[in-house]
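See below for the structure under consideration.
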Amino acid sequence: MKKWLSITLGIVTAIGGFLDAGTIATSGEAGAKFGLGLIWAILLATVMAILLVEMVGRFTAVSQKPYAAAIREELGFRFYLFPLISEIIAEGLLLTAELGGMAIALSLVTGLSWHILFPVAVVIVFLMAWRAPFDWIENGPAIFGMLMLAFLVGVFVMGGPSQETVQTLWKPVIKPGELADYFYLVAAILGATISPYLLYFYSSGTREEGWSGKSLLLNRITAFAGMGFGSLGSITIVIMSAIVLQPQNIQASTLGEIGLTLATPFGKIGSLIFACILFVTCLGAALECVLALSYNVAQGFGWPWGENKKPVEAAHFNLILVLFLVIALLINLIGIEPLQLALFASTIIALFLPLSLLPFLIIMNNRQYLGDKINKPWLNILVLLILLIAFVVSITAIPLELLSGGG
Amino acid sequence: MNANNDDIFSIADIIDSQLESSDRQNVGRVADIEAEWREDGTLVLCHLVTGPQALSGRIARPLRSLAQRLLHDRFEYSIPLSDVEKFGPTLRLRRKARDYPVGRSERWIAEHILRWIPGSGY
Amino acid sequence: MIQITGLSVVQTTTPQHHKPSRYTHLVVLLPLCALLLITTGCQFKQSAFALMAGNTGSSFAAAAMTLDYAHKGSVTATYARSAFQSYQSQLQNVDQQLSARAGAPDNRTIQELLKLYQPAMQAINHPCLEAACHWQAQITALNQASQAFLKAGE
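Protein chains in written order, with the numbering used here: chain A, 1 to 407; chain B, 1 to 122; chain C, 1 to 154.
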């Protein structure tokens, strides 16, 4: 029974890794600008997320090796540096965006400026990452993340999308000059959903939970349930945004605007629920981000790691965690709006996806680690294809976005 | 060597392997290996090397001498191969974690940085 | 209007082991499309002026909705205050940058836009979140500015 409770690992991985400032931003903007015309991208990303999470869980459960350790052992130190560096860059930006999302959520409740609240968010994440046992990190965001269902209820209360909006599901309406925007959002959606940090976190999480080769069914269900939940949340934000914001010509370029979608059916409580959702998902994501990098480095260099150890018992691990938060504080000084930063970080992640996931694919086909549990050929091909799509879309979208000075 | 005769160990298997002490602590990874020519003409693996200098040499050879000039071998440490109790993806060592200076940086961070942060458990 | 069917993209992910040639086509075609898009980028992207005008119009519309909700009791006053801070940072200095943007129309059109921008910006900087002040007038100003900017951005 206790084992099955660890399905929360999937839910929390979803809440932090799938649903985060990036997803809320991209989903909100996607719905407001293109109706349901980007839901296909979310579905594509969901398939990818389910496959990857199942794979990394299977790998760690069978081989008893966390993912980062396997990259170093299998591909050597020099190669290990590539995914490591790409992760540091992408996640430095993303962590800052998540902390900004938390600060904005606090701002929506207190009325104070989010700039003042940013350090508060850093302290909260630090306290949880520093001393909270893994159970807390898992269960806290998972329980509060259920609030995400408010968007689903909202869709029903609003009577669903109009006939015209439903048609955008398979026939997106893209006005002249908006095609670049459309591509940028596809890249951002893919990057916001398929974040590599999700894999490092989930992989280490299964070790912290002590999963073994017998946990494969549990792993599969966790991957489906967790990522499915994330996908549902993401899609319902798109729909609500298409119902409420698009007719008003509101493009959802700040996070507070996306909260109006819940205020429309539920009033004041709706706006508060939105602030809670934003806070919890960003907290979950910030924790995952910061832990994923610490796990990655500690495992890659062979140092002790683990949330259930005292900080001094895993010194490097905890030092990286502190340093990474300090770096986020510094990046924040540049003063980019969290939502824009989340969008940008997500497209950067999409661009880096081949770099960060190709080694993973190689390892997933190694019998030394996995025995007969290696990837089926169709799984490899499917993952490669989605990687290719993500790469092409992001390499197209980023120059366009930078050229025009938008973003 | 304790490796079974029917196991074939290549250098690639040993380099980058996890080092684990007898009390099940992770103490680092193998960065490089040292071998010596015996008089009978055989090349014998004798030491596992850990440390930033050896690692930077893995990225590019010139980096190694640069790192050596900066660090003066302070963090380099080699473990005799005879200390390895069990071979595999994880190399189990015969002695406890505190007997190996490999984990020195771990203790240094705990003593000099983390202890000043409340709740570090120091 | 350009219309794209999202479904055709999804279908490409169906695995087909036996025909690797399909994939080689894809591998060649997709980067080609990307190259085409990059080189002809300007047509796929609005002008800098249209982009800015559109964003400004959208932010004014969001502000009007937020202010309306604050008085209808759909959002709390603190929520509205915080949201307005974000709108403020989105809209700052639009008046100074607008005419310098690529694709900007003639001076008269800009002046007309700015005439509507000023009162709307007044509302953004000092929104009436209490019942006592003229919040309806602010909503009107915001909506007028929003519509004008959205139209200019089209």
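Don't be surprised by glycine CBs; every beta carbon is placed ideally from N, CA and C. Predicted model only: the values in this text are computed from it and were never measured.
- Around A53 of chain C, the same chain offers F149, A152 and G153 as residues with beta carbons nearer than 6 Å, after the five sequence neighbours per side are excluded.
- For the C-beta of L190 of chain A, not a single chain B residue is nearer than 9 Å; the gap to the nearest is close to 31 Å.
- For chain A, the residues of the region 67-95 of chain C that bring a beta carbon within less than 9 Å of one of its beta carbons are Y69, K72, G73, S74, V75, T76, A77, T78, Y79, A80, R81, S82, A83, F84, Q85, S86, Y87, S89 and Q90, in chain order.
- Following the DSSP letters along the chain, one finds N26 of chain B inside the beta strand (DSSP E) bounded by residues N26 to R29.
- By the beta-carbon neighbour count (other beta carbons within 10 angstroms, threshold 16), P196 of chain A is buried.
- Around the beta carbon of S86 of chain A, a 10 Å sphere encloses 16 or more other beta carbons of the protein chains shown; the residue is thus reported as buried.
- Non-local beta-carbon contacts of S203 of chain A in its own chain, meaning distances under 6 Å to residues more than five positions away in sequence, involve V56, T60, P66 and Y67 in chain order.
- Under the three-state reduction of DSSP output, I104 of chain A falls in the helix class.
- Using a Cβ-Cβ cut-off of 7 Å, I59 of chain B counts as an interface residue toward chain A, since at least one Cβ of chain A sits closer than that to its own.
- The residue among A:P265, A:L293, A:L382 and A:L218 with its C-alpha nearest the C-alpha of V62 of chain A is A:L218.
- At a cut-off of 7 Å, the C-beta of R104 of chain B has no neighbouring C-beta in chain A.
- When Cβ pairs closer than 8 Å are counted between the two stretches, the region 242-255 of chain A is seen not to touch the region 212-229 of chain A, the count staying below three.
- The region 140-150 of chain A and the region 208-222 of chain A do not touch, with fewer than three beta-carbon pairs separated by less than 8 Å.
- DSSP places D32 of chain B within a strand segment (E or B) once states are collapsed to three.
- Burial check for V44 of chain B: the Cβ neighbour count within 10 Å stays below 16, so the residue is exposed.
- Straight-line measurement puts the Cα of N55 of chain C at about 10 Å from the Cα of F49 of chain C.
- Beta-bridge analysis with DSSP links T96 of chain A to no other residue.
- For chain B, the residues of the region 360-385 of chain A that bring a beta carbon within less than 9 Å of one of its beta carbons are Q368 and Y369, in chain order.
- Within chain A, the C-beta atoms nearer than 8 Å to that of Q18 of chain B come from A69, E73 and G302, in chain order.
- Counting C-beta pairs closer than 8 Å gives fewer than three between the region 76-85 of chain A and the region 371-382 of chain A, which falls short of the contact rule.
- The beta carbon of L278 of chain A sits closer than 8 Å to those of A21, I24, G101, M102, I104, A105, L108, L255 and G259, all from its chain and outside the five residues before and after it, given in chain order.
- Ranked by Cα distance from H112 of chain B, the first of A:T46, A:V312 and A:L36 is A:V312.
- At a C-beta separation below 9 Å, G76 of chain A has these neighbours in chain B: A12, I15, D16 and R58.
- Against chain A, the beta carbon of Q97 of chain C has no neighbour under 7 Å; the closest one sits roughly 11 Å away.
- Collapsing the DSSP output to three states places I336 of chain A in coil.
- Take Q25 of chain B, set aside five residues on each side of it, and the residues of its chain with a beta-carbon closer than 6 Å to its own are A97, in chain order.
- Of all residues in the region 280-314 of chain A, the ones placed with a Cβ closer than 9 Å to any Cβ belonging to chain B are A298, Q299, G300, F301, G302, W303, P304, W305, K309, K310, P311, V312, E313 and A314, in chain order.
- Per DSSP, the unbroken beta strand (DSSP E) holding Y77 of chain B starts and ends at Y77 to P80.
- Between the region 178-193 of chain A and the region 35-55 of chain A there are three or more inter-stretch CB-CB distances shorter than 8 Å, so the stretches are counted as touching.
- Under a criterion of Cβ atoms nearer than 7 Å, no residue of chain A is adjacent to I79 of chain B; the nearest Cβ is some 13 Å distant.
- Within its own chain, the residues whose Cβ lies closer than 6 Å to the Cβ of A292 of chain A, once the five positions on either side in sequence are excluded, are Y197, Y200 and F201, listed in chain order.
- Using a Cβ-Cβ cut-off of 9 Å, E257 of chain A is close to S58, S59, A62, M65, T66, A83, S86 and Y87 of chain C, given in chain order.
- Straight across, the Cα-Cα distance linking T140 of chain C with A286 of chain A is about 40 Å.
- The residues P354, in chain order, have a CB closer than 6 Å to that of F391 of chain A in the same chain once the five nearest residues on each side in sequence are set aside.
- D372 of chain A counts as exposed, since fewer than 16 other C-beta atoms from the protein chains shown sit within 10 angstroms of its C-beta.
- With 16 or more other Cβ atoms inside 10 Å of its own Cβ, I235 of chain A counts as buried.
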